[in-house]
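What follows is a set of notes on a single structure, which appears directly below.
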Amino acid sequence: MSIKKISKEELSQLVSTLIASGDRVEGVQAKDDKFAFGPLTSADDLRLDYDVTLLSPRKYVLPPVESLMTFEVGGRYQSEYDTEKLTLIGVHPYDMIALNQIDQVFSQDEVDNHYTTRRKNMTLIACDVVTPSENVFASSMGTATVSEGYDILLTDIGDAYVADAPTEKGQALLCNAADATAEDLAKRQAVQERNQSDLNRHPLNCKIEDLPQLLEKAYDHPVWEEKAASCFSCGSCNQVCPTCYCFNVQDDVSWDLKSGTRSRAWDGCLLENFANVAGDHNFRKKRNDRFRHRLYRKGKYVPEKLGIGTACVGCGRCITACVPGIANPVDIYNTLLNDIKL
Amino acid sequence: MSECCCGEKDIYLPELATITRMQHMNETELFLHLELDSGKELGHMPGQFVEVSVAGIGEAPISNTSSPTKSGFDLVVRKIGRVTNAIHAMKEGDKLGIRGPLGHGYPLEDMKGKDLVFICGGIGLVPQRSLINYVLDKPEDFGKVAILFGAASFEQRLYQDQLARWAQNDKVQLLETIDKPHPEWSGNVGVVTTIMNQIDIDLANAISLICGPPIMYKFVIMSLEQANVSNENIFVNLERRMKCGVGKCGHCQINHHYACQSGPVFRYSDLSDIPEAI
Amino acid sequence: MSKPRVAIFDFACCEGCQLQIVNLEEEILDLLGVVDVVEWREAMSEQSEAYDIAIIEGSITRPEDEERIKDIRSKASILIALGACASIGGVNKLKNNFDLNDVKKCVYGDAADMPHLETAMTKAVDEVVKVDFKIQGCPVEHDELTYVLRSLLIGKTPEIPDYPVCVECKAKGNICRWEYSEQCLGPITRAGCGARCPSANNRCFGCRGYVDNPNVDAAKDVFEKYGLTVEDLKSRMVLFGSKQGPTL
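Protein chains in written order, with my numbering: chain F, 102 to 443; chain Y, 87 to 364; chain A, 584 to 831.
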């Protein structure tokens with residue numbers, strides 16, 4: 102299907118129709134002086150001009166807590182799946198790329214069908230960035246624009262949106278829209294080219310392809326110890342990260358003490374007991390080892406596992422969330438670049 | 087809420103197995119023989135592990151200790167955490183949830199025709215037993231076997247009957263030591279490296295397999311390197327927090343390796359630039 | 584199998600944590616389906632000397648309290664400290680920062696010397712007897728309280744968070760209170776409350792005690808970064824973090 106154009110009123114109408122259908126619709130809205138994804142009850146609440154949301158849309162594919170199964174003590178385990186249909190509106194390119202990465206993790210090797218079931222029931226409407234956030238560095242990470250994963254990508258060209266719908270789900274929503282003109286497409290290209298250079302509050306002083314090689318030589322660099330001295334091990338950087346996906350699993354029984362639920366919940370590699378085994382042996386006991394592990398996951402381990410450029414998408418949320426102000430990945434990578442020859 | 091959209095199996099869902107035999111080996115170790123309720127064999131290879139569930143308590147990774155050449159499978163469970171405490175309170179006929187076999191076991195093809203040296207500390211003997219019995223059940227495929235077993239104390243010597251049977255096998259040289267002296271013990275006293283010079287096998291041309299407490303690896307590997315054993319011929323079995331067992335949850339990572347997928351058995355030469363491994 | 588007998592006792596406290604048990608509403612019937620409550624001054628008139636599980640609210644502030652808690656401990660196979668006062672000493676420990684005679688005069692004025700007003704340095708229950716499990720918070724959380732009780736009833740050691748409140752606060756999508764320069768103790772305080780105060784636009788007061796290994800040096804750095812002093816940090820920590828000696 103060719104690329105479409107819809108007016109802002111038409112988009113508002115489309116969102117209203119989706120809400121009226123009774124299906125779950127979530128999108129970006131104001132939350133105090135920030136923005137957050139949440140349930141949409143009115144199309145007027147949707148804010149596609151937002152800078153960054155407090156939490157990434159990861160919370161929709163991997164909820165903070167979800168039930169995996171129920172069980173009877175001494176009896177069978179029964180899988181539980183979330184099959185609710187969801188339309189999610191307003192995913193920025195860096196967050197879309199993060200979702201694509203997590204999709205890959207949960208369908209690589211052994212498929213996690215709790216994840217894939219939820220994901221297949223989602224319709225994703227992404228949008229190019231209108232307002233850069235205070236800490237974004239997506240341009241440095243090659244994540245300022247996105248070319249796949251969404252059902253619709255909206256680009257604000259002033260009085261209207263250019264809407265690209267590569268999937269059937271997306272096309273069904275845009276069936277009444279007019280084709281975008283060459284002039285509209287030129288405006289869209291201008292927005293995307295601007296974002297590819299301007300979403301860059303923290304410029305990285307190397308190419309992302311160089312990060313694995315840089316980290317290969319940086320394991321014993323003093324920066325880990327220096328930064329980690331101020332680290333609370335509070336896991337805030339993990340919690341707000343759109344590409345963190347580690348989880349813990351826990352059982353709880355009902356009051357009959359005979360049946361119960363096994364749930365998984367977000368975990369974080371910065372937390373003190375993340376690598377602890379029974380008998381109290383902690384394989385990553387030191388703060389600086391945990392601190393370094395996150396940066397290695399983003400710059401080396403996960404990229405190598407998935408065959409991608411970088412597992413940090415440059416949203417800048419960890420920079421904002423870190424109270425002691427030590428989490429900025431670019432700051433650390435640039436410090437290493439000062440001392441290490443590639 | 088119960089239908090998966092794609093018909094794929096749930097990788098987190100345990101199947102039921104029944105404890106058909108159990109024996110307390112000492113104060114902390116419990117031997118279990120299990121059979122899957124489906125009637126099928128687990129289909130594991132030596133060195134693989136399973137995730138064991140006690141409903142309501144949780145799940146824990148436990149090494150398989152039996153050779154796949156036998157029916158059913160054996161686990162040895164140390165009483166050390168929530169799940170293992172609960173298992174110790176169970177009785178024959180009780181049911182456990184099982185996921186597996188999981189992980190990467192011993193590379194049997196690479197070991198064919200070779201002499202094998204098993205260096206075991208404490209319950210490190212447990213996963214190694216799966217391979218030892220496999221090897222002894224297929225004597226034509228492998229060379230000589232040396233089993234070194236170091237226990238922290240006289241009381242913590244595991245598998246006494248099993249050790250005695252191995253000692254009677256012509257292919258096996260069994261060497262034992264305990265860390266602390268005991269009035270009933272006339273054998274070697276000291277850590278496991280103190281009996282390594284008694285091995286009859288030519289170490290440099292053999293495969294060495296190490297499993298024990300985290301502190302043990304470094305010292306055993308140092309001794310093997312002094313005996314000109316190359317890193318390609320050393321295999322280590324590493325414990326980590328293998329929570330999901332399928333490379334998703336992130337807890338068992340050793341730098342970039344997921345212990346539950348690349349391991350728990352690793353060729354040491356693959357770990358030489360992995361600082362978190364040993 | 585007979586149901587475990589539970590006795591609930593109070594020491595120096597506001598009884599708010601016991602009120603949280605009353606406030607379980609329908610769930611209290613579920614609870615009473617699996618345990619026998621044999622003593623609970625706040626809710627019933629019966630008393631008993633025979634119980635399996637003792638739930639203690641309140642901190643130990645007088646010599647006679649020490650004797651009483653030792654007696655309870657000797658009769659209980661499991662002893663649970665309920666709430667901040669029992670688990671960490673709670674606000675009652677504030678007085679440990681002052682001379683006890685001054686404290687008495689301040690509170691009781693001319694009557695301060697009366698013998699029944701004798702007081703001692705406040706102690707958490709585990710500073711006097713062994714505590715098997717702690718349910719933190721001022722007051723305790725319903726969900727954690729019921730989870731701990733159900734876990735004990737199936738013989739499981741409950742999994743209590745040893746990570747900071749920030750984990751739950753971020754998962755809730757809250758705006759960090761430090762962004763408003765509020766001196767929030769979330770980064771060093773044990774989670775389990777679902778970040779109740781920050782979720783209601785308040786800073787964390789630290790009522791659940793610290794994580795096992797709080798980075799107090801980092802807290803000092805942060806206070807400095809925001810133009811505050813170590814004294815400011817101390818003034819925030821004394822409310823729930825006072826000790827037998829200096830707080831910081």
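Virtual Cβ for every residue (Gly too), placed ideally from N, Cα, C.
Taking Cβ positions only, does Ile-148 of chain Y come closer than 8 Å to chain A?
It does not: the Cβ of Ile-148 of chain Y has no partner Cβ on chain A nearer than 8 Å.
Taking the alpha-carbon positions, what's the His-119 of chain Y to Leu-182 of chain Y distance?
11 Å
Inter-residue Cα distance where the pair is Thr-114 of chain Y and Val-237 of chain F
53 Å
Please look up how many angstroms separate the CB atoms of Cys-335 of chain F and Pro-770 of chain A, rounded, as I've assumed it's under 8 Å.
5 Å
Find the residues of chain Y that neighbour Cys-347 of chain F, judging by a C-beta separation of less than 8 Å, and give them in chain order.
Within chain Y, the residues near Cys-347 of chain F are Cys-335, Gly-336, His-337.
Where Ile-771 of chain A sits in the DSSP three-state scheme:
Helix at Ile-771 of chain A.
Which bits of chain F does Tyr-730 of chain A rub up against, with CB to CB less than 7 Å?
Asp-353
Compute the distance between the beta-carbons of Val-231 of chain Y and Leu-202 of chain Y, then report whether it is under 8 Å.
yes
Between Phe-392 of chain F and chain Y, is there a C-beta pair that is closer than 8 Å?
no
Can you tell me whether His-725 of chain A is helix, strand or coil according to DSSP?
helix
Cα-Cα separation between Ile-143 of chain Y and Gly-236 of chain Y, rounded to whole angstroms
32 Å
Is Ile-301 of chain Y buried or exposed, if buried means 16 or more other CB atoms sit within 10 Å of its CB?
exposed
On a Cα-Cα basis, can you pick out the residue from F:Asp-150, F:Ile-107, F:Asp-210, F:Thr-362 that is closest to Gly-331 of chain Y?
Closest option to Gly-331 of chain Y, Cα to Cα, is F:Asp-210.
Among all the DSSP beta bridges, which residues are the ones paired with Ser-168 of chain F?
F:Ser-364
Taking Pro-165 of chain F as the query, report the chain A residues whose CB atoms sit under 7 Å from its CB, ordered along the chain.
Ala-754
Contacts of Lys-717 of chain A in chain C (Cβ-Cβ under 7 Å)
Chain labels in this structure do not include chain C; the protein chains are F, Y and A.
Nearest candidate by alpha-carbon position, reference Gly-179 of chain Y, set Y:Glu-137, Y:Gly-207, Y:Arg-107, Y:Pro-154
Y:Arg-107
For the structure I just gave you, are there three or more beta carbon pairs, one from the stretch 280–300 of chain Y and one from the stretch 333–348 of chain Y, closer than 8 Å?
no
Thinking just about the alpha-carbon of each residue, which of F:Tyr-434, F:Lys-328, F:Leu-254, F:Trp-367 is nearest to the one in Cys-345 of chain F?
Comparing Cα-Cα distances from Cys-345 of chain F to each of F:Tyr-434, F:Lys-328, F:Leu-254, F:Trp-367, the minimum goes to F:Trp-367.
What are the complete alpha helix (DSSP H) segments, minimum 4 residues, inside the stretch 703–764 of chain A?
Within the stretch 703–764 of chain A, the complete alpha helix (DSSP H) runs of at least 4 residues are 725–736, 748–754.
If you compare alpha carbons, which of Y:Leu-128, Y:Gly-276, Y:Ile-307 is closest to Ala-290 of chain Y?
Y:Ile-307
Starting from the C-beta of Gly-199 of chain Y, find all residues in its chain whose C-beta is less than 8 Å away, skip the five residues before and the five after it, and write them out in chain order.
Closer than 8 Å at the Cβ level, and outside the excluded window around Gly-199 of chain Y, lie Asp-227, Phe-228, Gly-229.
Indicate whether Lys-401 of chain F and Cys-413 of chain F have their beta-carbon atoms separated by less than 8 Å.
Lys-401 of chain F is not a Cβ neighbour of Cys-413 of chain F, given a cutoff of 8 Å.
When the Cα of Asp-635 of chain A is compared with those of A:Ser-585, A:Thr-812, A:Gly-777, A:Ser-782, which residue comes out closest?
A:Ser-585
Under the assumption that Ile-652 of chain A contacts Val-708 of chain A (Cβ atoms under 8 Å), give the Cβ distance between them as a whole number of angstroms.
6 Å
With 8 Å as the limit, tell me which residues of the stretch 108–139 of chain Y have their beta carbon closer than that to any beta carbon of chain F; keep them in chain order.
Ser-139
Close-in-space but distant-in-sequence residues of the same chain around Cys-228 of chain F (CB under 6 Å, 5 per side omitted)
Leu-149, Gly-191, Leu-255
If you draw a straight line from the alpha carbon of Lys-678 of chain A to that of Pro-797 of chain A, how long is it in whole angstroms?
23 Å
Would you say Met-170 of chain F reaches chain Y, if we count a Cβ-Cβ gap shorter than 8 Å as a contact?
Cβ-Cβ to chain Y under 8 Å: yes for Met-170 of chain F.
Burial state of His-268 of chain Y, where buried means 16 or more other Cβ atoms lie within 10 Å
Exposed, by the Cβ-count rule.
Determine, for Gly-616 of chain A, whether the minimum Cβ-Cβ distance to residues of chain Y falls below 8 Å.
no
is_contact[Lys-739 of chain A, chain Y] using C-beta, thresh 8 Å:
yes
Min CB distance Lys-46 of chain F to chain Y below 8 Å
Shown here, chain F extends from 102 to 443; a query on residue 46 of chain F therefore has no answer.
Just tell me which of A:Cys-767, A:Cys-596, A:Glu-647, A:Glu-762 has its CA closest to the CA of Pro-698 of chain A.
For Pro-698 of chain A, the nearest C-alpha among the options comes from A:Glu-647.
Contact under 8 Å by Cβ, His-215 of chain F with Tyr-262 of chain F
If you check the CB distance, His-215 of chain F and Tyr-262 of chain F do not come in under 8 Å.
Tell me whether Asn-349 of chain F sits in a helix, a strand or coil according to DSSP, three-state version.
DSSP places Asn-349 of chain F in strand when its eight states are reduced to three.
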